[in-house]
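full-length UniProt numbering applies: residue 1 is where the sequence shown begins, and numbers increase by one.
C-beta atoms are modelled at their ideal positions from N, C-alpha and C, and glycine is treated no differently.
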Amino acid sequence: MKLCFLSASSSRSIVLFSVSILLIFGCSSTDAVIRLPENMTIPAVLVFGDSIVDQGNNNGLVATLAKSNFPPYGQDFMGGLPTGRMIWGAEAKPNGLKSRPGFSSIKGDAEELGIKELLPAYLDPNLQAADLLTGVSFASGGVGFDPQTAQVAACYSFDDELKMFREYIGKIKGTVGEDRANFVITNSLYFVVAGSDDLANTYFTLGIRKLQYDINSYTDFMARSACDFVKEVYALGAKRIAFFGTPPIGCLPSQRTLAGGPTRACAENYNQAAKLYNTKVKAALSSLSNSLDDAQVRIVYIDIYNPLLGLIQNYGKYGFSFADKGCCGSGKIESAVTCNKLSGVCSDDSKYLFWDSYHPTERAYQVIVDMILQKYINDFLSSTDAVIRLPENITIPAVLVFGDSIVDQGNNNKLIATLAKSNFPPYGKDFMGGIPTGRFCNGKTPPDLLAEELGVKELVPAYLDPNLQAADLLTGVSFASGGTGFDPQTAQIAACFSLDDQLKMFRGYIGKIEGIVGEDRANFVLTNSLYFVVAGSDDLANTYFGLGIRKLQYDINSYTDFMVRSACDFVKEVYALGAKRIAYFGTPPIGCLPSQRTLAGGGTRECAENYNQAAKLYNTKIKSALSSLSNSLNDAQVRIVYIDIYNPLFTLIQNHGKYGFSIADTGCCGSGKIEAAVLCNKFSSADAVIRLPENVTLPALLVFGDSIVDQGNNNKLNAAFAKSNFPPYGKDFMGGIPTGRFCNGKTPPDLIVEELGIKELVPAYLDPNLQAADLLTGVSFASGGTGFDPLTAKITEVYALGAKRIAFFGTPPIGCLPSQRTLAGGRTRVCAEKYNQAAKLYNTKIKAALSSLSDSLNDAQVRIVYIDIYNPLYALIQNHEKYGFSIADKGCCGSGKIEFALLLKLPSSSSSIVYLCVFLLLRLYIAMAVIRLPHNVTIPAVIMFGDSIVDTGNNNNLKTIFKVNYPPYGKDFIGGVPTGRFSNGKVPSDLLVEELGIKELLPAYLDPNLQIQDLSTGVNFASGGAGFDPLTSELASVISLSDQLDLFKEYLAKLKGVVGEARTSVILANSLYVVVAGANDITNTYFSNPLRKLHFDVPSYTDLMVTSASSFVQDLYGLGARRIGVFGIPPIGCVPSQRTLGGGPQRDCVEKYNEAARLFNTKLSLRLNSFNCNLPLARIVYIDAYDLPLDLLRNPDKYGFEIGNKGCCGTGVVEVAFLCSYTCANVSEYVFWDSFHLTEKAYKIMVHQIAEKYISSFF
């Protein structure tokens, strides 16, 4: 048994790399990005048409409604900006597609062809000269081939688009000269996309043309106009013209609503008109192409009707949930101006085929574009197709596969005794619909990819698939079984199907196809099919090396002989049954598989060389033996081809970066070092499971409490009304069964144990089906409706019984629960403030009491942690839309205003709110203890100044590139919301206040949702891009340190207004002030910009910085601050971006940057120490932020990381801020989030150690 070591993309690369395939078929392959022939270039993509391909040309048209330069359009575009593209932006990687920001259908083509990422509008005011040479869009939303269509829409007509094109030609001639301009014009790819608006709007909806034309004559008119336009484009120099037909417009959501009747069926008359037009224009374009008598011209008709109709009719197959309505508004009629920020959008746009009622989503566009490019690109280039081209007299009717887990498509699913199966998540996460099918991979496997490349079919099913169709038998199946080998002992150990069993299946298969198509056709299929044999790895890795069973009988030389004999016997059997074309895959470099590195690669997990040597020995022998066998058969039809998989995969592993991979020594699942099959499950995912410190274990979760955590203990209480073991409770639980949990699904105990990787569900202690094993991993004793009296005594009892780690949840804002709004919130059902005040009063008292209790126990092991649930839940209720909820003042059940259990007036929760509780508990309180302050010391607030390291969102509304209030930033923050923090989650500002037990998050002072109570516990004035040098902030267009001081003065005035002057003075004197800056001065202003180098060398520039820092600290002291911590500069020469820009080919740390940082730090430390002697009551502390990060980068594994020289975002070597568009699979392996900022996990380690080291210096 071994894990699938090839992803869908790498499987394709390896499979097609095989020289033997080329020998059999004499053809080449393509990559994920379209590969052009060596003598072919496409310098630019130029686009004409309507809203499908309008990139923003209509933005400046005042009179038109056909524009979309406003929210929610572009909501997932770079920075969340509406650009005029009539889609929403980028989607969340379904089915293995990369997230592609700002994608529109033509942008996808430009990107697939490797030209550039975004295709700009020709009328974009920010258009660069370089963009002209690589392509633009002249398209205008609302246009059509009928001139009346553009007039109705008040948009640019096709004549206008041609004028722009002529102007464009003049511009590029002026830029690069006439010869190069002619080359660009001749060799570019032109797209024409229009016709839908003519039919849908001008003819059917408005009926303007119905007075003059019936549909037959109107489509004639459209076809003539379209051909005239193409002739004009050709006359201006275009040679490669892709003309898109009209889609099934009757199935667009808007047309279903307008013309589909009460059931909103597809409007058939619209679709018939589209098909009629398509037939005519296709024939007309063919005639035009022939009439031009130009060998260079390629006018290609693109059929968009059938692919989109297939997508609409089979949307579930492609992972969509909705195809009859859009994501925007009701989804039934809204488009352009009617889809706006007031209309709302769906919560998960990846489920929708349409964005608004007229335009597909990016995800749908991507599916369609992939189909189109694969099908049509050859027509432009006179080159080989994306699918392997066979010689004209050769056919491959079917693909038939034997072997192990690499090619098992699900045959092991029904084997009860085997562990070698994968029909459960996360396997199949990127397969169609995200369904685990038994394939040992995240998506497709080599049989699928080969069948697809050969044009046989898209997927090769398992022979034992219960849903197997008769048609599948004729085009190929897989008999493979994960865990098998040529040694019969291998299959016995794995309890899987042996190769003998697979031969029996094959014989059964032959009988079946003879019954379907007769003996003659069956013989044709058998003779001409392509057979794959993939096995041997499990024999060596498991049976010989892993378990050592065969070592008692064989040395490696004799064992490989035994394997070769068995393999040849198998091939002879397959041949005897009619196979002629047999591709035999050698054994890969098994010693370099992650599992074998772990088991046999030593402490550094190197490739296990003895495993690799054995694989090479076997491969040499089997290759020779197969050649001899082929010759001995004396059959002119037979082709037994040995496929070398060892060298291509070894090259891929050794040079993975060259092929676009970041990690090759670990897998994506779990730790990636050992997990395969049953060990790779939904609990092994590094993203899902909370990582505890290495020396910490949590064997069980034990729960006490009320209905929030009652898992069913009340079920048997006859007298109790506080139970919920009846529908609709549990409607979203496994099987929709009510279990007594007071929720629609799982509750906090379940979610906590799942996050911790303990188990999936926490059972009730009184569950009659409780298993002994459950006792060891945790149960719930909770009972809905219960309470504490006296509380502290109960906690003491739990402690006395042996508990050490006790998480105590405070009371939520009960006045805002729907039932209490109804009972005590008046006619408008506002939050019942007296209830909330009581909850806050209780929380304050219990928090203090628990702290005293913890101290009094005098037990170093004890951790009694108060969990603040009030503020997070209150924030969630007040800002529910921010977290993707529509309704927060009533529940889902009944009217939602009073119902609970049997109408009992007790608080309940939704699973999403529950999950927030769980998230807070695990993320905030489990990993590290809160810093304990001396008994007579308090820190009422933390006030933060500085740059992006600590900025929590002040830059969000500035016109600067130094902001990150868009995905993927914040992907691991509460709710996955990007807040302006320069990390995947929390930043040092948050982690420090959390360490000190003040609050969970330090809000940005300029946050529009800042609460008045936050002023007294601290705010953040930091601004990403700022520095001690005033020029640094000016260059970045951000808030300078002097501006931050001005904001602080404004804050002081507000604080006095809230708590009074006396309390403000106390807060000022006792708060902790933190300053984090300097890195941008050195990296950006000094080294990257010549302005300061003209006046300063490094010593004098660091003097300037220190003087500025000192002045800032003195100003802060003058305003009342006394406890001031100033961070030194980290080893900035070792951050990924600086390694890339200045570290040479090896990306070493840039020593001159680090030397400058150390010089500044030394000077700053001396200057700050002098202040403590001269400024009364001052506690000004220099905080070393150089040494710990340097150790973290040099020894990432020491701190639980794997990668310290690049970030998780993008390639990790240069991306930061708006360049950060996609992320790694497992952020917990990375020290850096982007190329400049650390991950939350790394920040947490750094903040904890710094707080422990320096906190006493402030008192």
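| query | result |
| --- | --- |
| Please classify Y277: does DSSP put it in a helix, a strand, or coil? | helix |
| Count the other CB atoms, across all protein chains shown, that sit within 10 Å of the CB of L353; report buried if there are 16 or more and exposed otherwise. | buried |
| Note the first and the last residue of the continuous beta strand (DSSP E) segment covering L46. | 45–49 |
| Could you tell me which residues DSSP puts in a beta bridge with P360? | F354 |
| Residues in its own chain within less than 6 Å of R1156 by CB, not counting five upstream and five downstream? | The sequence given here has Ala at residue 1156, not Arg. I1082, V1098, listed in sequence order. |
| Using only alpha-carbon positions, find the residue among D750, Y835, Y642, K986 that is nearest to S628. | Y642 |
| So I1039 and N954 are supposed to be a Cβ contact under 8 Å. How far apart are they, rounded? | 6 Å |
| Are three or more beta carbon pairs between the segment 1040–1048 and the segment 982–992 nearer than 8 Å? | no |
| Taking only the alpha-carbon atoms, compute the straight-line gap between P43 and D1234 and give it to the nearest angstrom. | 32 Å |
| Which same chain residues, not among the five before or five after S1165, have their C-beta less than 6 Å away from its C-beta? | Y1182 |
| Would you check if the distance between the CB atom of I215 and the CB atom of A154 is smaller than 7 Å? | no |
| With 16 as the cutoff for other CB atoms within 10 Å, does H1095 come out buried or exposed? | exposed |
| Tell whether a beta-carbon distance below 7 Å holds between V193 and G49. | yes |
| From D1187, G1210, A1242, pick the residue whose C-alpha is nearest to that of G1200; which is it? | A1242 |
| Quick one: grab the DSSP three-state call for A462. | strand |
| Is it true that the CB of G1128 sits closer than 7 Å to the CB of Y1153? | no |
| If we define contact as Cβ-Cβ less than 7 Å, is I1183 a contact residue for chain B? | In the displayed structure, chain B is absent; only one protein chain is listed. |
| Among A398, T437, P425, which has the Cα closest to the Cα of N412? | T437 |
| Just list the alpha helix (DSSP H) runs in the segment 712–789, keeping only unbroken ones of 4 residues or longer that don't cross its boundaries, in chain order. | 748–756, 772–777 |
| Grab the span of the beta strand (DSSP E) containing V865 for me, first residue to last. | 863–867 |
| Could you give the DSSP three-state label for I582: helix, strand or coil? | strand |
| In the DSSP assignment, find the unbroken beta strand (DSSP E) run with N1205 in it and report its ends. | 1203–1207 |
| Using 8 Å as the cut-off, can you tell me whether the segment 467–484 makes contact with the segment 500–507, which would need three or more C-beta pairs spanning the two stretches below that distance? | yes |
| Could you give the C-beta distance for I645 and Y584, rounded to a whole number, given that I count them as a contact under 8 Å? | Contact flag wrong, Cβ pair sits at about 10 Å. |
| Go ahead and label S382 buried or exposed: buried means 16 or more other beta carbons lie within 10 angstroms of its beta carbon, across all protein chains shown. | Per-residue confidence for S382 stands at a pLDDT of 40, beneath the threshold of 50, marking its modelled position as unreliable; the derived number appears in the next sentence. It counts as exposed. |
| Please confirm whether V1213 and K1206 have their CB atoms less than 7 Å apart. | yes |
| Let me make sure I understand the geometry here. Which of K421, K332, A284 has the alpha-carbon closest to that of A265? | K332 |
| Are there 16 or more other CB atoms within 10 angstroms of the CB of K905, so buried, or fewer, so exposed? | For K905, the predicted structure reports a pLDDT of 31, less than 50, and the residue's modelled location is therefore unreliable. A value from the coordinates is still provided. The residue in question, K905, is exposed, as its Cβ has fewer than 16 Cβ neighbours within 10 Å. |
| Hey, L288 and C227: beta-carbon distance below 7 Å or not? | yes |
| Count the other CB atoms within 10 Å of the CB of S1023; is the residue buried (16 or more) or exposed (fewer)? | buried |
| If we call anything under 7 Å between Cβ atoms a contact, is G670 one with C680? | yes |
| To the nearest angstrom, how far is the alpha carbon of G705 from that of K723? | 14 Å |
| Can you give the Cα-Cα distance for F221 and V62, rounded to whole angstroms? | 30 Å |
| Does T560 pass the burial test, meaning 16 or more other C-beta atoms within 10 Å, or should it be called exposed? | buried |
| Anyone know if the C-beta pair for G591 and Y611 falls short of 7 Å? | yes |
| Report the three-state DSSP secondary structure of L702 (helix, strand or coil). | coil |
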